[in-house]
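Peer 1:
Residue numbers (the numbering used here), protein chains in the order written: chain C, 1 to 184; chain U, 1001 to 1161.
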C-alpha cells in the first residue's frame, strides 16, 4: 500500500517545515538578544542625583529629571571601571558638541575620586553629572549595566535607548538622525 | 546486612533527588524588619528574572543587578505598593523578560496554549485512526493456486511428528 508508506514520511515533512521556518527566522537578520525596550515613549522616571564631587570641589552639578523639560537631553550612564564606556567616549564627546542637545551623565557605582580622574584623563564632555553610587537610579531606568544611553525629548519622554557602547555607526546612523527628528 | 542494602540505596537516591532548597542570595542588612513585608518581598523576588543571569530569579542570584532589584522591590513595598503594583513597576521598566511567568497575550498564545493544542491534534488523530473500520481480514482471499501451494508446503511439514 503506497499511501501507508507515504505516511511514514510525514515526520520528515513536519521537520522540513520547521527547518524552513527556522532558516527564514535566522536569515531575517533579527538579533534574538535584542529586547524590546520597555520605556520607549514613556516619561523618563523622576529622580534627583547629587553632583559629582571630588577633593571638596564640585566637578559637575547634579542631575534632576525636572530639568529634562524643554530641551533635548542625552542621558548617559557611565563608570570609570567600565571599559566599553571608554570605547564610546569619543562618540559621547561628539554628542556633547551636537547643537541643541544637552549631555548629562550618571556616574554609576563609582568612586568619586576615580570618576574625577577618569574624566580628567579622557575629557569631561558632560554638562551635568549626577552620582548613583549604590545603583538606585539605574533600575528606575531599567538598566542592565553600563554604558547605557537614553535620548529624551523636550516633553521629558524617552525616545531612544542604546544598551552597550555607542559605536560610530550607531551614532551616525541612529542617534544623530533621531536627534534631528526631535528637533523638528 | 544485604537485605538492608536496597532500602538504604533507595533512601540515598531519594535524598539526593530531593530539590536542594536554594540558599537565599539576600545579603546582610537587606531583609526588611517587618517579617510579613519581607515574606512578600521574597515571594515577589522569586517571580522576577535576574536579567543578567538568564535563568535565575532575583531572589536566587548574587549578581549586583539582582541585589539592586531586590532593594527596589523592598523600597516599593515599604512605600505601600501591593504585590501586583510592585511587579507592574518593575515590568514597566524591564519589559516582559523580567517576568519569569510570561503574560498571556496575543504574542504568547502559542507559548501558553501550544502544548495543549498539540495534545488535542494528537488525540484527534488517534481517535480517527481507532474509529476507522479495519479492512476485512483477508481470510478467503487466497487464489486457488496459492492455496494449493500452501497445502503442498504444509502437507510436507505435516509428516513430521
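Every residue, glycine too, gets a C-beta built ideally from N, C-alpha and C. Note that the structure is predicted; figures quoted are calculated from it, not measured.
Quick one: which chain C residues come within Cβ less than 7 Å of residue 1068 of chain U?
Peer 2: Near residue 1068 of chain U (Cβ distances below 7 Å), the residues of chain C are 135, 138, 139.
Peer 1: Taking 7 Å as the threshold (C-beta atoms), are residue 166 of chain C and residue 88 of chain C in contact?
Peer 2: In contact: residue 88 of chain C and residue 166 of chain C (Cβ atoms closer than 7 Å).
Peer 1: Can you find a CB in chain U that lies within less than 7 Å of the CB of residue 144 of chain C?
Peer 2: Taking Cβ atoms only, chain U reaches closer than 7 Å to residue 144 of chain C, which makes this a yes.
Peer 1: Do three or more CB pairs link the segment 139 to 146 of chain C to the segment 117 to 126 of chain C at distances below 8 Å?
Peer 2: Touching, no, given that fewer than three Cβ pairs across the two stretches are closer than 8 Å.
Peer 1: Output the distance between the C-alpha atoms of residue 1106 of chain U and residue 1006 of chain U, rounded to the nearest integer angstrom.
Peer 2: Each residue's alpha carbon lies about 52 Å from the other.
Peer 1: Check the Cβ-Cβ distances between residue 38 of chain C and every residue of chain U, and say whether any is below 7 Å.
Peer 2: Closer than 7 Å to some Cβ of chain U, the Cβ of residue 38 of chain C qualifies, so yes.
Peer 1: Determine the DSSP secondary structure at residue 152 of chain C, reduced to helix, strand or coil.
Peer 2: Three-state DSSP puts residue 152 of chain C in a strand.
Peer 1: Quick one: residues in its chain with C-beta nearer than 7 Å to the C-beta of residue 138 of chain C, no 5 flanking neighbours on either side, listed in chain order?
Peer 2: Taken in chain order, the residues that qualify are 77, 108, 132.
Peer 1: Taking 7 Å as the limit between beta carbons, can you name the residues of its chain near residue 82 of chain C, skipping five residues before and five after?
Peer 2: Closer than 7 Å at Cβ, skipping near neighbours: 146, 147.
Peer 1: Can you find the residues in the same chain that come closer than 7 Å, C-beta to C-beta, to residue 105 of chain C, ignoring five residues on each side of it along the sequence?
Peer 2: The residues are 76, 78, 126, 129.
Peer 1: Following the continuous beta strand (DSSP E) through residue 108 of chain C, name the residue where it begins and the one where it ends.
Peer 2: From DSSP, the beta strand (DSSP E) with residue 108 of chain C extends over 101 to 108.
Peer 1: On a CA-only basis, which of U:1092, U:1097, U:1033, U:1029 is nearest residue 1052 of chain U? Give me that one, please.
Peer 2: Comparing Cα-Cα distances from residue 1052 of chain U to each of U:1092, U:1097, U:1033, U:1029, the minimum goes to U:1097.
Peer 1: What does the alpha-carbon distance come out to for the pair residue 1033 of chain U and residue 180 of chain C?
Peer 2: Looking at the two C-alpha atoms, the distance is approximately 51 Å.
Peer 1: I'd like to confirm something about residue 151 of chain C: is its beta-carbon nearer than 6 Å to some heavy atom of the ligand ADP, or not?
Peer 2: Summarising the ligand content, the structure contains no ligands, and the ligand ADP is consequently not present.
Peer 1: Is residue 117 of chain C helix, strand or coil by DSSP?
Peer 2: Helix, per DSSP.
Peer 1: Among residues of its own chain, excluding the 5 on either side of residue 102 of chain C, which ones have a beta-carbon nearer than 6 Å to its beta-carbon?
Peer 2: So the qualifying residues of the chain are 71, 73, 127.
Peer 1: Measure the C-alpha to C-alpha separation of residue 1089 of chain U and residue 160 of chain C and round it to an integer number of angstroms.
Peer 2: Those two C-alpha atoms are separated by around 20 Å.
Peer 1: Please identify the residue among C:19, C:9, C:39 whose C-alpha is closest to the C-alpha of residue 1093 of chain U.
Peer 2: For residue 1093 of chain U, the nearest C-alpha among the options comes from C:39.
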